[in-house]
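Peer 1:
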Amino acid sequence: MEHLAPSLDATATATLDEAGSLRAWLSGFERVFVLTGAGCSTASGIPDYRDADGQWKRTPPVTYQAFTGDALVNARYWARSFVGWPRIGLAQPNAAHLALARWQRAGRLSQLVTQNVDGLHQRAGSEAVIDLHGRLDEVVCLSCFARELRASLQQRLHDGNPDWARLSAVTAPDGDADLEGLDFAAFRVPVCQACGGMLKPDVVFFGENVPRARYEAARTALENSDAVLVVGSSLMVYSGFRFVRQAHERGLPVAIVNRGQTRADDLACLKLDVDCAAVLPQALGG
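Every number in this note's numbering is 107 more than the matching position in the sequence shown, counting from 1.
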């Protein structure tokens with residue numbers, strides 16, 4: 108027998124049902140700790156990292172040790188970042204970001220913590236966001252800690268490597284682009300304008316730890332919340348998963364809205380395998 112795809116009406120009805128389930132679940136809580144991941148930004152044109160089974164869709168990001176210890180890896184990173192940054196820099200908040208910003212203004216959201224580095228929550232109007240893994244829109248010198256806007260560095264990258272500006276490639280959530288087979292040794296990497304030191308995006312690379320103060324701020328907010336909502340994260344990275352585990356240990360209810368399985372499915376009271384940009388505007392009353 109032929110299996111027909113669900114109709115648009117059936118899909119819309121299912122989305123309304125899921126939004127209603129989440130809205131009903133949230134109605135019992137006054138202060139909800141929200142943790143977001145890459146799936147929150149896919150509707151803004153920024154791909155996520157993992158498939159429905161939580162496996163990598165692409166090569167895992169470069170480690171801090173390789174970035175700082177290997178000049179060729181460093182040049183390769185910046186070449187790929189140069190090509191990938193425009194998609195991140197020009198991305199606009201989607202319905203999920205906007206719904207969370209409205210919900211925060213309504214006073215229901217105790218703390219918004221994101222694993223994303225794209226700054227889209229802030230562009231949507233959210234305030235006091237804890238950027239767990241940092242932000243791509245600034246770079247920092249590893250020697251003197253001077254900072255520079257990523258847009259300014261992009262111009263310097265362009266000035267030093269004009270021929271690379273014509274390239275295009277698939278971009279990852281961290282702004283990395285899938286460039287292969289090129290002579291990355293020929294790519295000219297800018298240095299700190301203050302001291303000549305090595306520049307790094309102001310994000311937490313694999314192999315680095317989340318800054319202690321940032322973690323403590325999120326942990327304190329969790330302790331002052333009465334539920335946790337995870338949006339668009341597989342929670343495969345421990346830096347995000349630990350908050351859900353801590354919530355479970357404290358007896359706080361957890362809801363997850365994410366396409367595909369997550370590391371914490373067995374800890375959740377409610378799990379919705381659905382597009383967060385379709386569900387959150389209805390579930391959060393916007």
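Note that CB positions come from ideal geometry on N, CA and C, so glycine has one too.
Between the C-alpha atoms of LEU205 and ASP309, what's the straight-line distance to the nearest angstrom?
Peer 2: 25 Å
Peer 1: I'd like to confirm the pairing. Which residues does DSSP put opposite GLU255 in its beta bridges?
Peer 2: VAL246
Peer 1: What is the DSSP secondary structure of GLY196, counted as helix, strand or coil?
Peer 2: helix
Peer 1: For the stretch 247 to 260 and the stretch 310 to 319, state whether three or more C-beta atom pairs, one from each stretch, are separated by less than 8 Å.
Peer 2: no
Peer 1: Take ALA324 and list the residues in its own chain whose beta-carbon comes closer than 7 Å to its own, dropping the five residues that flank it on each side.
Peer 2: ILE237
Peer 1: Use the C-beta contact count for PRO360: other C-beta atoms within 10 angstroms, 16 or more gives buried, fewer gives exposed.
Peer 2: buried
Peer 1: Can you look up ALA375 in the DSSP assignment and give me helix, strand or coil?
Peer 2: coil
Peer 1: Enumerate in chain order the residues of its own chain whose CB-to-CB distance from GLN218 is below 6 Å, with the five nearest sequence positions on each side excluded.
Peer 2: PHE140 and ALA328
Peer 1: What is the residue span of the alpha helix (DSSP H) that ALA301 lies within?
Peer 2: Run containing ALA301: none; DSSP gives neither H nor E here.
Peer 1: Could you give the first and the last residue of the continuous alpha helix (DSSP H) run that contains LEU387?
Peer 2: 383 to 390
Peer 1: How would you write the range of the alpha helix (DSSP H) that ALA362 sits in, first residue to last?
Peer 2: Secondary structure note for ALA362: it is in no alpha helix (DSSP H), and the uninterrupted beta strand (DSSP E) holding it is 361 to 364.
Peer 1: Taking the alpha carbon of LEU306 as the reference point, which residue from VAL381, TYR171 and GLU125 has its own alpha carbon closest?
Peer 2: Nearest option by C-alpha distance: TYR171.
Peer 1: Touching or not, the stretch 123 to 142 and the stretch 207 to 225, by the rule of three or more beta carbon pairs under 8 Å?
Peer 2: yes
Peer 1: Which residues does DSSP list as the beta-bridge partners of ILE237?
Peer 2: VAL220
Peer 1: Under three-state DSSP, which class holds THR170?
Peer 2: strand
Peer 1: Considering only their Cβ atoms, is the gap separating VAL386 from GLU125 smaller than 8 Å?
Peer 2: yes
Peer 1: If I follow the unbroken beta strand (DSSP E) through PHE140, where does it start and stop?
Peer 2: Start and end: 139 to 143.
Peer 1: Do you know offhand how far SER341's Cα is from ALA231's?
Peer 2: 23 Å
Peer 1: How should ARG254 be labelled, buried or exposed, when 16 other C-beta atoms within 10 angstroms of its C-beta is the threshold for buried?
Peer 2: exposed
Peer 1: Can you tell me whether DSSP reads LEU123 as helix, strand or coil?
Peer 2: helix
Peer 1: Where does LYS164 sit, in a helix, a strand or coil, going by DSSP?
Peer 2: Caution applies to LYS164, whose pLDDT of 47 falls short of 50 and renders its modelled position unreliable; the model cannot decide the point.
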